[in-house]
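J.: One structure, as structure tokens, below. Some questions next.
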Amino acid sequence: MNVRFLPAGDAAVVVEFGDHVSRILNDRVLRLNALVRAANPRGLVETVPTFRSLMIHYDPLVTGSANLISAIKNLLDSGGGETKHLKLWRIPACYAATHAPDLAEVAQRTGLGTEEVIRLHSGMRFHVYMLGFVPGYPYMGDLPDALVLPRRVDPRIRVPPGSIAIATGLTAIYPLESPGGWHLIGATPIRLFNPRWPRPALLGPGDAVRFEPITVREFDAIHAATATDAYQVAYETIVA
Amino acid sequence: MMQALEVIVPGPHTTVQDSGRIGYQDIGVPVSGPLDRISFRLANALVGNPPGTPALEMLLRGPTLRVVADSVRLALVGCSAGMEIRSSTSRIIPAGQSARLAKGDVVRIGLLGDSVCAYLAIEGGLDVATVLGSASTYVRGALGGFQGRRLQKGDSLPLKLGAVDTRGEFALHRPLDLALDQSIRVVLGPQVDYFTDDAVATLLSSDYVVSPQADRMGFRLDGPTLAHAKGYNIISDGIVPGSIQVPGSGRPIILMVDNQTTGGYPKIATVISADIPVIGRRRPGRSIRFTAVDVHEAERLRREQETAILDELNSLRVVDPVVPGSSGPA
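Sequence order for the protein chains is Y and U.
Counting the first sequence from 1 gives a position; this note's numbering is that position plus 415.
Counting the second sequence from 1 gives a position; this note's numbering is that position plus 2.
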């Protein structure tokens with residue numbers, strides 16, 4: 416497969432595996448990410464995996480693009496593939512109309528009806544491709560074809576934290592209040608980002624997620640427990 | 003005893019910054035830190051701090067602060083404005099020179115002048131908690147700094163030191179060159195192939211102007227639009243400070259230190275790391291011209307800049323301290 420090294424100035428290089436959203440590309444990105452972090456070449460600052468590329472930030476006063484690219488090429492050729500222990504998270508999701516401002520519209524535009532939208536969305540096991548946009552924001556996929564819609568024409572200025580959203584072939588959760596152009600089809604009472612946690616983002620690239628439907632009453636109870644850190648999101652360890 | 007700087011006037015956007023929050027971009031947390039790392043570094047050196055000590059970054063206009071400690075040493079770098087110090091008498095300390103202030107003194111920094119940002123370093127630094135390893139404020143994420151936000155009237159900024167020695171003050175060997183007319187060097191890419199040849203030629207031959215829509219996240223530019231060759235959506239990939247992204251409008255945006263870590267617009271070019279502080283100082287209304295260099299040249303320019311900074315740090319002048327009550331230097 417064709418790998419391209421693209422310059423991003425003199426402090427980062429992009430290792431591009433392709434230009435579409437796919438598990439095959441993302442698995443290669445995450446594998447290289449693990450290899451680069453383990454090898455920790457001189458001058459490495461940090462790495463940012465995305466759907467289809469790995470951005471490698473470096474200190475131009477310590478190393479140079481040529482040295483770094485040569486180290487990465489060696490890692491790409493090394494073929495070492497270690498077993499990774501990841502998590503399958505069970506995220507409580509309230510799809511009640513009060514918590515899902517766009518659910519009716521999504522049900523209507525897809526022609527599925529609200530029950531079927533909920534059944535499809537909560538029936539999937541999603542892959543966390545990457546985090547970005549705002550702290551802790553997970554891009555997850557893939558949605559079944561029947562749920563694929565373009566982004567909203569008019570993005571919202573304020574999306575409440577915890578909103579569960581869909582757009583194109585992806586689903587996400589807004590960790591913080593922020594602007595947003597995706598369709599809001601539910602809400603979770605849990606926190607996805609807390610700078611005081613040792614791992615500040617709940618979800619990591621490569622993790623898996625299932626949404627488990629809850630009632631408004633359960634939402635309120637979990638929300639209250641979350642506020643005092645008394646709620647533990649359920650997960651099981653998976654081997655990738 | 004509480005030792006602090008009390009905020010009398012906050013200025014439009016004054017935040018605590020250190021060298022930045024490294025290691026969390028993979029979970030969507032930007033690096034933050036100073037727009038102008040050179041001025042930030044020189045300011046800390048002038049008060050004898052280790053590099054990276056938390057200092058105040060101000061945009062457009064500085065704050066007015068009262069000393070609530072036995073004494074404090076301050077230095078301002080990055081602008082043409084000076085520190086107006088009011089005690090029993092008044093004095094003006096120019097940018098690029100440290101000064102010792104006594105309890106009750108008030109320091110006022112007005113309009114910054116030609117530069118959009120400047121740094122006020124405090125001997126010993128500000129006593130703020132680090133969040134994810136950094137004291138830098140990331141306002142959009144309400145992280146770090148003083149309560150995760152820009153300063154407000156009435157804030158009391160805790161200081162590490164309650165008193166500082168009387169000694170010779172440090173001054174820069176010569177005023178910092180703000181490089182306000184220097185062309186900005188870029189490396190083309192990572193998505194230069196998403197643009198027409200004309201767009202690349204336009205970027206490198208036109209005058210752009212920093213628009214009023216400029217903040218720590220990014221500087222929008224006014225000027226000729228840039229045509230995409232194959233659409234303006236890409237599958238999200240990484241962003242660095244200096245990425246020049248071009249959304250559907252064709253109007254370029256230079257992403258800066260609070261940049262989102264990933265994004266879905268193609269980036270025609272990236273400002274070289276040596277010139278990020280130079281861009282960081284350009285206020286709305288100032289013009290920008292771009293010149294392309296290759297990565298190796300960019301790396302060489304950064305090393306050359308580092309040598310110049312070290313030369314400056316090694317040639318600080320010592321000036322006589324100002325004794326309170328006497329008249330200040332001419």
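The beta carbon of each residue, even a glycine, is placed where N, CA and C say it ideally should be.
#1: With U:L161 and U:D129 assumed to form a contact (beta carbons below 8 Å), what rounded beta-carbon distance in angstroms separates them?
#2: If contact means a Cβ-Cβ distance below 7 Å, which residues of the stretch 261-277 of chain U contact chain Y?
#3: Going by beta-carbon coordinates alone, are U:L159 and U:L58 separated by less than 9 Å?
#4: Looking only at its own chain, which residues have a Cβ that is under 8 Å from the Cβ of Y:D434, when we skip the five neighbours before and after it?
#5: With a floor of 4 residues, list each alpha helix (DSSP H) that falls wholly inside the stretch 502-561 of chain Y, ordered by position along the chain.
#6: According to the neighbour-count rule (16 or more other Cβ atoms, all chains shown, within 10 Å of its Cβ), is Y:W597 buried or exposed?
#7: CA-CA distance, U:D167 and Y:D644?
#8: By Cβ distance, which residues of its chain are closer than 7 Å to Y:R457, with the 5 residues on each side in sequence left out?
#9: Counting only runs of 3+ residues fully inside the stretch 215-249 of chain U, write out the beta strand (DSSP E) ranges in chain order.
#10: Quick one: does U:L62 have its CB under 9 Å from some CB of chain Y?
#11: With a threshold of 6 Å on Cβ separation, who are the neighbours of U:G13 within its own chain once the five nearest residues in sequence on each side are excluded?
#12: Exposed or buried, U:N261, counting other C-beta atoms within 10 Å across all chains shown (16 or more means buried)?
#13: Quick one: Cα of U:T263 to Cα of U:G225, how far?
#14: Under a CB-based cut-off of 9 Å, is Y:L450 close to chain U?
#15: Do you know offhand how far U:I255's Cα is from U:Q247's?
#16: Looking at Y:G619 and Y:H542, is the spacing between their C-beta atoms short of 9 Å?
#17: With 16 as the cutoff for other CB atoms within 10 Å, does U:K269 come out buried or exposed?
#18: Tell me the rounded alpha-carbon separation between Y:P576 and U:R88.
#19: Output the residue ranges of the beta strand (DSSP E) runs that lie fully inside the stretch 25-71 of chain U and measure 3 residues or longer, sorted by chain position.
#20: With 16 other CB atoms within 10 Å as the buried threshold, where does U:G22 fall?
#21: For U:S275, which residues of its own chain have a beta-carbon under 6 Å away from its beta-carbon, when the five flanking residues on both sides are left out?
#22: Expressed to the nearest angstrom, what Euclidean distance is found between the alpha-carbon atoms of U:S2 and U:D217?
#23: Strictly under 9 Å for the Cβ-Cβ distance: is Y:A623 near chain U by that measure?
#24: Looking only at its own chain, which residues have a Cβ that is under 8 Å from the Cβ of Y:V451, when we skip the five neighbours before and after it?
#25: Roughly how far, in whole angstroms, is the beta-carbon of U:D239 from the beta-carbon of Y:T465, given that I think they are within contact range, below 8 Å?
#26: So, does the stretch 555-562 of chain Y touch the stretch 527-547 of chain Y, judging by three or more C-beta pairs under 8 Å?
#27: Put Y:L476 into one of helix, strand or coil per three-state DSSP.
#28: If we count the other Cβ atoms within 10 Å of its Cβ and call it buried at 16 or more, is U:N316 buried or exposed?
#29: Identify whether U:S328 lies in helix, strand or coil by the three-state DSSP scheme.
#30: Going along chain U, which residues have a C-beta under 8 Å from Y:T465?
#31: Would Y:G577 pass as an interface residue toward chain U - the criterion being a Cβ-Cβ separation below 9 Å?
#32: So if DSSP puts Y:E461 in a beta bridge, which residue, or which two residues, is it bridged to?
#33: Give the straight-line distance between the Cα atoms of U:Q19 and U:L134, rounded to the nearest whole angstrom.
#34: Do the stretch 628-643 of chain Y and the stretch 35-43 of chain U meet, that is, are 3 or more Cβ pairs less than 8 Å apart?
#35: When the distance is taken between beta carbons, is Y:H514 closer than 9 Å to Y:F634?
#36: Using a Cβ-Cβ cut-off of 9 Å, state whether Y:D391 counts as contacting chain U.
T.: With the structure as the only source:
#1: For the purposes of this step, residue 161 of chain U is taken as the residue at position 159 of the second sequence. For the purposes of this step, residue 129 of chain U is taken as the residue at position 127 of the second sequence. Right, their Cβ atoms sit about 6 Å apart.
#2: Listed in sequence order: Q262, T263, T264, T272, V273, I274 and S275.
#3: Within the second sequence, numbered from 1, the residue matching residue 159 of chain U stands at position 157. Within the second sequence, numbered from 1, the residue matching residue 58 of chain U stands at position 56. Yes, these two residues count as a Cβ contact at 9 Å.
#4: Position 19 of the first sequence, counting from 1, holds the residue named residue 434 of chain Y. Cβ within range, chain order: R467.
#5: List check, alpha helix (DSSP H) in window: 518-525 and 529-537.
#6: For the purposes of this step, residue 597 of chain Y is taken as the residue at position 182 of the first sequence. Result: buried.
#7: For the purposes of this step, residue 167 of chain U is taken as residue 165 along the second sequence, with counting starting at 1. For the purposes of this step, residue 644 of chain Y is taken as residue 229 along the first sequence, with counting starting at 1. One Cα belongs to U:D167, the other to Y:D644, and the distance between them is close to 46 Å.
#8: Stepping through the first sequence from its first residue, residue 457 of chain Y is reached at position 42. The beta carbon of Y:R457 lies closer than 7 Å to those of V477 and T478 in the same chain, with the five residues before and after it left out.
#9: Counting whole runs of 3 or more residues, the stretch 215-249 of chain U contains the beta strand (DSSP E) stretches 220-224 and 245-247.
#10: Taking the first residue of the second sequence as 1, we reach residue 62 of chain U at position 60. Closer than 9 Å: no.
#11: By 1-based counting over the second sequence, the position of residue 13 of chain U is 11. Residues of the same chain with a CB within less than 6 Å of the CB of U:G13, apart from the 5 flanking positions on each side, are M60, R63, G64 and P65 in chain order.
#12: Sequence index remark: in the second sequence, residue 261 of chain U carries index 259 (1-based). Under this definition U:N261 is a buried residue.
#13: Locating residue 263 of chain U in the second sequence gives position 261, where the first residue counts as 1. Locating residue 225 of chain U in the second sequence gives position 223, where the first residue counts as 1. A straight-line Cα-Cα distance of about 26 Å links U:T263 and U:G225.
#14: In the first sequence, the residue the question calls residue 450 of chain Y occupies position 35. No, no contact with chain U.
#15: If you number the second sequence from 1, residue 255 of chain U lands on position 253. If you number the second sequence from 1, residue 247 of chain U lands on position 245. Cα to Cα, U:I255 sits roughly 5 Å from U:Q247.
#16: One-based indexing of the first sequence puts residue 542 of chain Y at position 127. One-based indexing of the first sequence puts residue 619 of chain Y at position 204. Going by C-beta atoms, Y:H542 is not nearer than 9 Å to Y:G619.
#17: Against the second sequence, residue 269 of chain U aligns to sequence position 267. By the neighbour-count rule (16 or more Cβ atoms within 10 Å), U:K269 is buried.
#18: For the purposes of this step, residue 576 of chain Y is taken as the residue at position 161 of the first sequence. For the purposes of this step, residue 88 of chain U is taken as the residue at position 86 of the second sequence. Going from the Cα of Y:P576 to the Cα of U:R88 covers about 46 Å.
#19: When DSSP assignments are scanned along the stretch 25-71 of chain U, the uninterrupted stretches of beta strand (DSSP E) that are 3 or more residues long and fall wholly within it turn out to be 57-61 and 66-70.
#20: Along the second sequence, read from residue 1 onward, the residue named residue 22 of chain U stands at position 20. For U:G22, the number of other beta carbons within 10 angstroms of its own is at least 16, and it is reported as buried.
#21: Locating residue 275 of chain U in the second sequence gives position 273, where the first residue counts as 1. The beta carbon of U:S275 lies closer than 6 Å to those of R304 in the same chain, with the five residues before and after it left out.
#22: The structure shown has nothing for residue 2 of chain U, since chain U only spans 3 to 332.
#23: Locating residue 623 of chain Y in the first sequence gives position 208, where the first residue counts as 1. Not an interface residue.
#24: Stepping through the first sequence from its first residue, residue 451 of chain Y is reached at position 36. Here the set comprises L459, T462, L469, I471, I487 and L490.
#25: For the purposes of this step, residue 239 of chain U is identified with residue 237 of the second sequence, where counting begins at 1. For the purposes of this step, residue 465 of chain Y is identified with residue 50 of the first sequence, where counting begins at 1. Yes, they are in contact, since the Cβ atoms of U:D239 and Y:T465 sit about 5 Å apart, within 8 Å.
#26: Two segments are said to touch when three or more pairs of C-beta atoms, one from each, lie closer than 8 Å; by this definition the stretch 555-562 of chain Y touches the stretch 527-547 of chain Y.
#27: In the first sequence, the residue the question calls residue 476 of chain Y occupies position 61. Three-state DSSP puts Y:L476 in coil, outside helix and strand.
#28: Residue numbering aside, residue 316 of chain U sits at position 314 when the second sequence is read from its first letter. Per the 10 Å Cβ criterion, exposed.
#29: Taking the second sequence and counting its residues from 1, the one referred to as residue 328 of chain U is at position 326. With a pLDDT of 45 at U:S328, under the threshold of 50, the modelled position of that residue is not reliable, and the figure given next carries that caveat. In this structure, U:S328 counts as coil in the three-state DSSP scheme.
#30: For the purposes of this step, residue 465 of chain Y is taken as residue 50 along the first sequence, with counting starting at 1. Below the 8 Å Cβ cutoff, chain U contributes I237, S238, D239, G240 and T264 as neighbours of Y:T465, in chain order.
#31: One-based indexing of the first sequence puts residue 577 of chain Y at position 162. Using a Cβ-Cβ cut-off of 9 Å, Y:G577 does not count as an interface residue toward chain U, since no Cβ of chain U sits closer than that to its own.
#32: One-based indexing of the first sequence puts residue 461 of chain Y at position 46. According to DSSP, which records beta bridges pairwise, Y:E461 is partnered with Y:H472.
#33: Here residue 19 of chain U corresponds to residue number 17 of the second sequence, with the count starting at 1. Here residue 134 of chain U corresponds to residue number 132 of the second sequence, with the count starting at 1. If you draw a straight line from the Cα of U:Q19 to the Cα of U:L134, it is about 13 Å long.
#34: As far as the Cβ criterion goes, the stretch 628-643 of chain Y does not touch the stretch 35-43 of chain U, which means the pair count is below three.
#35: In the first sequence, residue 634 of chain Y corresponds to position 219, counting from 1. In the first sequence, residue 514 of chain Y corresponds to position 99, counting from 1. With respect to the 9 Å criterion, Y:F634 and Y:H514 are classified as neighbours on the basis of their beta carbons.
#36: Since the displayed chain Y opens at 416 and closes at 655, residue 391 of chain Y lies outside it and no answer follows.
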